[in-house]
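Everything on this sheet refers to the single structure shown next.
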Amino acid sequence: MELLKASDLVKGYGNTNAVNGINFHIEEGRCVSLLGPNGAGKTTTLKMLSGLLEPTSGSIDFKGEKAKDLRPFIGYLPQYPAFYNWMSGKEFLVFAGQLAKLNRKEAEKRSEELLERMGLANAKKRKIRGYSGGMKQRLGLAQALIHRPELLILDEPVSALDPLGRREVLDMMREIKKETTILFSTHVLHDAEEISDSILIMHAGEIAISGSLRSVMEEYRQPILQIEFEAPAADWLKSIASYSFVSEVNIQGNKTSIVLKDMVNGKQTLLKDIVERKLPVRKFEISQTTLEDLFMRVVKS
Amino acid sequence: MNVPLNEIPWGAIAPILVLQLILMITALVSCIREEKTNGPKWLWILFILFISLIGPVLYFVFGRRNN
Amino acid sequence: MTQWTVLYRKEMTEMVRNYKILWIPIVFILLGVMQPVSSYYMPEILDTFGDLPEGTILEMPLPTGAEVLMQVLSNYGMLGVLILVLSAMGVVSSERQSGVAGMVMIKPVPYSSYILSKWAGLLTITLISLFIGYVASWYYTSLLIETVAFERIFQSVVIYSIWLVFVVTLTLFFSTIMKGNASVAFVTILVIFSISSVTSILGKNMTWSPAKMPEHTGQVLLSGELESGFLLALITTIAIIIVVLLSSIQIFKQKELLE
């Protein structure tokens, strides 16, 4: 079922559009990652979806209806979550729960549950002032989940964390994914590949590519040949660009990656060339383009 | 001073002194418990201790960090 | 419990934790009490510490109770206002700066509840401080000088509180539209100072001005009667407070949170 649909969403600041007419939808129960380099308009998009920012134009439908105030249905974790540092972790969660219209008892109960789940039970009475970055991020996750939102929106949930904290939060997201639809932004492709079902790639305020992770990978996947030479072989590499099965040649020192349109034919021809010319090859590897290659292509185009 | 102690109107003055003391102690407690103050902490402590009324007020207004 | 109540309770808890609920009233009490004490003991103080030549005879008429209380309110008008503005300057701007205002507003909280809870918190601390300080001052004045009729005390404090409400409402407004705490305080003080100066210069043509409220307060204390222009000033002051509050809410709605 379609949970959320954005149509022609635009956000302009002065003469420039941070988000320039994007369309996409999110299926219920999916974990969707929003990818893009810094400045692509990810945060602006997420803030519009969460109801924190009024779109300049366009509309957002939630469960098939034009949404007026989405905030009751959405849990949002900003990129830099802030708290009242004089409160204890539990006090803040109860406060957030009551703001989301839970009564005091429910808010208390739900806070205890989430503190336990986020591994903060021991720190619940301590002032947030003394929390580490990872603890604050987990507390941020807890406040986003406090009212059992139907859609959890996370803005760069792991980018500010050290490897350990990153692992913790990713594991938690994997858990949460089972019960809630998640939309999260990231510029780390590895995270997106690891836990998301669908991806949206944004660039310069527009959505360049969208779809399920598998279909996007299949659609855009291209065979690639990685050759490492013992000595530069620039002449030959220049000459192969004229083969019809070669679509792209990237040279980085002694390493070269060649994107092929036709792997079977290309592989044979190139191998034959190498043997005939007695080129000093250290490594000859057949692989496929990764999400990163795709991402780089979108961003550079 | 040539005023004998028993001529000082303690009934009127004592509450003022007590309030000033409370103000000073509150400011001191707050300052010591604060992780970081705007400017050196020891300076604020001196301010609070030795400039009555104004010291604590200045500390509360300018010495504490917001959030 | 409505979200407004939750937010208001948070404001109050915060004031307890950062001792505002203690120190601001104490300062108001001290400001209020020191005036009658120093008026009463001034001749003795001068005698003791003034290093006056031997044999000087001090002829200082003791001020009336109403005059002492007027002086107290004038102290509140200077130092009291300064303290209130400085302690309230970050009420919205600090929370916007730190990002926690965004953390509140991503929950389904009406923008009006946020601003109005802040306003109510400011009113609470302001009125508590004014009332306690003024009552203490009245008590000391009646102890040392003379008793001023309670009716006049009551009327004057009510009228004066409207002026202070006006002051903190302006502080809230500037704290909403600006980000730096220092500039909030500076602009608020500047605006209040300008209103007061222009009103006292153009006196007759500005009977509607909110800055007339302190004058009316003095009038009530001295004569027990209200001047004719009071109602006009009261109406415009309340109208301005309402307009400023509503614009604060509207402007807050437009501000981008969590930048």
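One line per chain: the protein sequences are A, B and C, in this order.
Every letter in the first sequence is one number past the one before it in my numbering, and letter 253, counting from 1, is 238.
Take any residue in the second sequence, count from 1 to its spot, add 1351: that is its number in my numbering.
Take any residue in the third sequence, count from 1 to its spot, add 545: that is its number in my numbering.
Cβ coordinates follow ideal geometry from the N, Cα and C atoms, glycine included.
Residue pairing for residue 60 of chain A: DSSP places it in a beta bridge opposite A/137. Chain-ordered, the chain B residues with CB closer than 8 Å to the CB of residue 689 of chain C read 1363.
DSSP places residue 253 of chain A inside the alpha helix (DSSP H), whose first and last residues are 248 to 262.
Where residue 739 of chain C is concerned, there is no enclosing beta strand (DSSP E), although the alpha helix (DSSP H) around it starts and stops at 726 to 746. At least one CB of chain A lies nearer than 8 Å to the CB of residue 559 of chain C. Beyond the five residues adjoining it in sequence on each side, residue 702 of chain C comes within less than 6 Å, by CB distance, of 679 in the same chain, given in chain order. Within a 10 Å sphere around the beta-carbon of residue 660 of chain C sit 16 or more other beta-carbons, which makes this residue buried. The residue among C/758, C/723, C/774 and C/688 with its C-alpha nearest the C-alpha of residue 618 of chain C is C/758.
For residue 54 of chain A, the neighbours in chain C by C-beta distance under 8 Å run, in chain order, 653. Boundaries of the alpha helix (DSSP H) harbouring residue 761 of chain C: 757 to 768, taken from the DSSP string.
With fewer than 16 other CB atoms across the displayed protein chains lying within 10 angstroms of its CB, residue 175 of chain A is exposed. Taking every protein chain shown into account, the CB of residue 739 of chain C has fewer than 16 other CB atoms within 10 angstroms, so this residue is exposed. The C-beta separation of residue 81 of chain A from residue 128 of chain A comes to about 4 Å, placing the pair in contact by the 8 Å criterion.
In this structure the stretch -6 to 1 of chain A does not lie against the stretch 136 to 156 of chain A, because fewer than three pairs of beta carbons, one per stretch, are closer than 8 Å.
When beta bridges are read from the DSSP output, residue 1382 of chain B appears opposite no residue. In the three-state DSSP reduction, residue 267 of chain A falls in the strand class (E or B). Here the stretch 17 to 29 of chain A makes no contact with the stretch 89 to 106 of chain A; the two share fewer than three CB pairs at distances below 8 Å.
Within the same chain, and ignoring the five residues on either side of residue 1403 of chain B in sequence, the residues whose Cβ sits closer than 6 Å to its Cβ are 1371. Comparing alpha-carbon positions, the option among A/70, A/39 and A/210 lying closest to residue -5 of chain A turns out to be A/39. Each of A/115, A/55 and A/194 was checked against the Cα of residue 18 of chain A, and the nearest Cα belongs to A/194. When beta bridges are read from the DSSP output, residue 112 of chain A appears opposite A/73. Under DSSP, residue 170 of chain A forms a beta bridge with A/19 and A/140. Around the beta carbon of residue 267 of chain A, fewer than 16 other beta carbons lie within 10 angstroms, which makes this residue exposed. Within the same chain, and ignoring the five residues on either side of residue 22 of chain A in sequence, the residues whose Cβ sits closer than 8 Å to its Cβ are 172, 188 and 284.
Annotation for residue 700 of chain C: the continuous alpha helix (DSSP H) segment containing it runs 695 to 722. Considering only beta carbons, the part of the stretch 79 to 109 of chain A lying closer than 8 Å to chain C consists of 80, 81, 83, 84, 85, 86, 88 and 89, in chain order.
Assigned with DSSP and collapsed to three states, residue 10 of chain A falls in strand. In the three-state scheme derived from DSSP, where H, G and I count as helix and E and B as strand, residue 93 of chain A is classed as helix. Under the Cβ criterion of 8 Å, residue 556 of chain C is not counted among the residues facing chain A.
Taking 8 Å as the cut-off, the beta carbon of residue 1374 of chain B is found closer than this to the beta carbon of residue 571 of chain C. Around the beta carbon of residue 713 of chain C, 16 or more other beta carbons sit within 10 angstroms, so the residue counts as buried. Collapsing the DSSP output to three states places residue 228 of chain A in coil. For residue 156 of chain A, the number of other beta carbons within 10 angstroms of its own is below 16, and it is reported as exposed. Per DSSP, the beta-bridge partners of residue -11 of chain A are A/11 and A/47.
Per the C-alpha coordinates, the member of A/222, A/232 and A/161 positioned closest to residue 264 of chain A is A/222. Residue pairing by DSSP places residue 211 of chain A opposite A/242 and A/270 in a beta bridge.
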